[in-house]
Amino acid sequence: MFAHGVMGYYRKNSDLCGTFDLTDDHVDWDAKKIETRTSYKSEWPTSRDVARWMASLHIDVDIVEAEMEATPEVDHIAEVGMGVYLWLKGVSPTNDPTGTARDYYDNKDSQTFYKTVWGENNTHVGRHDMIAQDPEFANADLCTKLRKAQELQEECFMENVKAHFGGAKVRCMDMGCGYGGLLRNMSKNGMIWSGVGIDISGEMIDAATRLSKDDSALTFYRESYMNTSVPTDGIDLCISTESFLHVGPGRHEAVFREAWRVLRPGGRLIFTDLIGSPSAPSEAKVLYERIGLQSFQTVDGYFETAEKLGFGELSFEDHSANVSTHYGMVLDALEELWEKKEINIQEESKDRMVDGLKKWRDLAPSCLQWGLISMRKLERTEYSVLEEAPSF
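Here the sequence shown stands for residues 1350 to 1741, numbered as in the working numbering.
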């Protein structure tokens, strides 16, 4: 396709585009870029580029073979002749958990809630068991305790990373980076050679970029972590904190497959997540349906998916007791700030948040597990990589 453009258009229209030769000085065949002697530049998107752009909007579109007798009656992308074509039926997906998560985190009241209660750095469960052992925080206010608990969790997370990589700096991708706090923390501690944060929320990415403006090692992209622009085999470590649950168990194979793609051989995926207890009662439905899911993933489910794709050295550190404490403290902090008129959100939003937080607090002990999962990229399997349609 790109070759057709080079020879059939740019070459024949030198008065418009300028002259060039077919050397690397002017044409990058792999990246599909051209720059002529007059500094005319052009870059051609590939079918994978289009698929990635659509994924950032939570529209999953398959790439199909270019040679077909009729247009398939499904959403698809194809490279035909000199163009990349996208067919969509114009029907929005229903009950899409990923779109639900994006809309929630981009909501103004949600952003105010996280920045005011959790802090404009991180939005993950903290190690409250460690706070309880520190007399310095016995009389601290609720928001201070919440943020310190999150800091302690990140310290534990970084210690786990150091156990695998020692003092070596890593190329790191945060899948669902939120405000980018963990990447910044790792960078400040000399652990990052280069870091890229991926998130579907434009509000989160904008904040992460602003908060990280003084750190040249970090970049942030609004993309789906199931389909990123990060180069293949270019990452040493993939990380995530309570993000994978938002896409649901049915898409965790796609999540791990993308981690597999970007990780170098021997690289690691280390993440925390809210996970369904294997003995969870039927009341767990109240929690997962609130975030648009049909179920929670389990530790065994994650391990089964990981092994299917060729990950090994699987481990799980269980710190589940912190979940109920965390959401209970978030609830108390929100209600306290509301009474003091120190949080500017709609009452309807506040009531909805309070209702949800009570359910997370009360049902977590019987329904949820939480902790740190680690795995290493080992042997490729038949499921590690999906074959792509050839480019024409």
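Idealized CB from N, CA, C, for every residue including glycine.
- The beta carbons of Ile1624 and Leu1717 sit about 7 angstroms from each other, so the pair counts as a contact at 8 angstroms.
- Gln1482 carries a coil assignment under DSSP once its states are collapsed to helix, strand and coil.
- The three-state secondary structure of Phe1351, taken from DSSP, is helix.
- Judged by beta-carbon spacing, Ser1669 lies beyond the 8 angstroms limit of Asn1509, meaning their Cβ atoms are not closer than that value.
- Sorting Phe1620, Asn1362 and Leu1532 by C-alpha distance to the C-alpha of Phe1665 places Phe1620 at the top.
- DSSP assignment within the stretch 1569–1634 yields the following whole alpha helix (DSSP H) runs of 4 residues or more, N-terminal first: 1601–1611.
- Sequence-distant Cβ neighbours of Trp1709 in its own chain, meaning closer than 6 angstroms and more than five residues away, are Tyr1676.
- Taking the CA atoms as reference points, Cys1587 sits about 45 angstroms from Leu1365.
- For Tyr1651, the enclosing alpha helix (DSSP H) covers residues Val1648 to Leu1658.
- Collapsing the DSSP output to three states places Glu1666 in a strand.
- For Gly1659 against Ser1733, the beta-carbon gap comes to about 5 angstroms, under 8 angstroms, which counts as contact.
- In the three-state DSSP reduction, Met1524 falls in the strand class (E or B).
- Taking C-beta atoms under 8 angstroms as the contact rule, Val1399 and Val1376 fail to qualify, at a distance of about 22 angstroms.
- The three-state secondary structure of Glu1384, taken from DSSP, is strand.
- Beta-bridge partners of Leu1435 (DSSP): Ile1426.
- Separation of Val1355 and Lys1511 (C-alpha to C-alpha, rounded to the nearest whole angstrom) is 48 angstroms.
- Rounded to the nearest whole angstrom, the C-alpha separation of Phe1569 and Cys1526 is 8 angstroms.
- Under a 10 Å Cβ-count criterion, Ala1713 is classified as buried, with 16 or more other Cβ atoms of the shown protein chains found around its own Cβ.
- Nearest to Glu1469 by alpha-carbon distance, out of Ala1481, Gln1499, Met1479 and Tyr1453, is Gln1499.
- Here Gln1718 is bridged, per DSSP, to Ile1624.
- Beta bridge pairing from DSSP links Ser1391 with Ile1383.
- In the three-state reduction of the DSSP assignment, Lys1518 falls in the coil class, being assigned neither a helical nor a strand state.
- DSSP, read as helix, strand or coil, puts Met1724 in strand.
- Rounded to the nearest whole angstrom, the C-alpha separation of Tyr1574 and Phe1369 is 38 angstroms.
- By the Cβ neighbour-count rule, Arg1476 is buried, with 16 or more other Cβ atoms within 10 Å of its own.
- Ranked by how close their Cα comes to the Cα of Ser1592, the residues Lys1382, Lys1690, Asp1374 and Met1553 have Met1553 in first place.
- Per DSSP, Ile1549 is not a residue of any alpha helix (DSSP H), being assigned neither H nor E.
- Here the alpha carbon of Asp1622 sits roughly 32 angstroms from the alpha carbon of Lys1690.
- In the structure shown, Val1376 falls within a strand segment according to DSSP collapsed to helix, strand and coil.
- When the beta-carbon positions are compared, Glu1697 and Thr1654 stay at least 8 angstroms from each other.
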